[in-house]
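>
Right, here's the structure in full:
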């Protein structure tokens, strides 16, 4: 198994990695299935992970021994004459499957400490489905005007996108010009104000 620690990830897959909710210093496996689909899984729980490709005809799942195994491979029946041929030194039978070479890496985080908390909130705002539904429910109760409801939801999406852009800027640049830093502070101020508004809405909803 190849190992590349501290890999800078393309922004196209950063969001997917964030959804894995990795622990500190937890490594990620980049696995290419026998169907040619590439996916990512935490190293600690990768064993048994199914290929997420809906078009994967054999429904392969990853095995920690470097195999993508189909349902047929998992339930392979050995005849008595074959057991001696395929038994290993530890007494276990040889596993069948398509050999793969997953890459193991530790995503490199270059977010400044000053912005780490706001970036964590950004991920939570963007990916927490329950909070999305809760916000939508509160908006529906707050106003019956369709245009106002859409305005609230658009604002939430805009702030979420600003959070994503802010995080990408922070991860992609080590040194920012004064103008860019000023704009970044403005974005963070807007995000902070919106979060305070969300807190007020949540408290009002809980006390209702």
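Numbering (this note's numbering), first residue to last: 671 to 878. Just so it is clear, CB atoms sit at the ideal spot from N, CA and C, and this is done for glycine as well. Please read all numbers here as calculations on a predicted model, not as lab measurements.
Could you check where the beta strand (DSSP E) with residue 702 kicks off and where it finishes?
Along the chain shown, one-based indexing puts residue 702 at 32. Unbroken beta strand (DSSP E) run through residue 702: 698-702.
> Alpha carbon to alpha carbon, how far is residue 717 from residue 708?
Residue numbering aside, residue 717 sits at position 47 when the chain shown is read from its first letter. Residue numbering aside, residue 708 sits at position 38 when the chain shown is read from its first letter. If I take the Cα positions, the gap works out to 15 Å.
> Let me confirm a value: residue 767 is counted as buried when at least 16 other C-beta atoms fall within 10 Å, else exposed. Which label applies?
Here residue 767 is taken as the residue at index 97 of the chain shown, counted from 1. Buried, since its Cβ has 16 or more Cβ neighbours within 10 Å.
> Counting along the chain, where does the beta strand (DSSP E) carrying residue 715 start and finish?
Within the chain shown, the letter at position 45 stands for residue 715. That residue, residue 715, is in no beta strand (DSSP E); it is neither H nor E in DSSP.
> How big is the Cα-Cα spacing for residue 814 and residue 724?
Numbered from 1 along the chain shown, position 144 holds the residue referred to as residue 814. Numbered from 1 along the chain shown, position 54 holds the residue referred to as residue 724. About 40 Å.
> Taking only three categories from DSSP, how would you classify residue 817?
Numbered from 1 along the chain shown, position 147 holds the residue referred to as residue 817. Reduced to three states, the DSSP call for residue 817 is helix.
> Which two residues bound the contiguous alpha helix (DSSP H) that contains residue 741?
One-based indexing of the chain shown puts residue 741 at position 71. Note, residue 741: alpha helix (DSSP H), 741-744.
> Identify every residue that forms a DSSP beta bridge with residue 732.
Position 62 of the chain shown, counting from 1, holds the residue named residue 732. Beta-bridge pairing links residue 732 to 738.
> Is the distance from the Cβ of residue 738 to the Cβ of residue 770 below 7 Å?
Residue 738 sits at position 68 when you count from the first residue of the chain shown. Residue 770 sits at position 100 when you count from the first residue of the chain shown. Result yes, Cβ atoms of residue 738 and residue 770 sit closer than 7 Å.
> Shortest alpha-carbon distance to residue 697 belongs to which of 728, 774 and 765?
In the chain shown, residue 697 corresponds to position 27, counting from 1. It is 774.
> Which residues share a DSSP beta bridge with residue 708?
The residue given as residue 708 occupies position 38 in the chain shown. Paired residues: 702.
> Which same chain residues, not among the five before or five after residue 741, have their C-beta less than 8 Å away from its C-beta?
Taking the first residue of the chain shown as 1, we reach residue 741 at position 71. Correct list, in chain order: 728 and 729.
> Whose C-alpha, out of 715, 804 and 819, is nearest the C-alpha of residue 869?
On the chain shown, position 199 is the one that residue 869 refers to. The shortest Cα separation from residue 869 among 715, 804 and 819 belongs to 804.
> Express the C-alpha separation of residue 818 and residue 699 in angstroms, rounding to a whole number.
Locating residue 699 in the chain shown gives position 29, where the first residue counts as 1. Locating residue 818 in the chain shown gives position 148, where the first residue counts as 1. Going by the C-alpha atoms only, they are around 44 Å apart.
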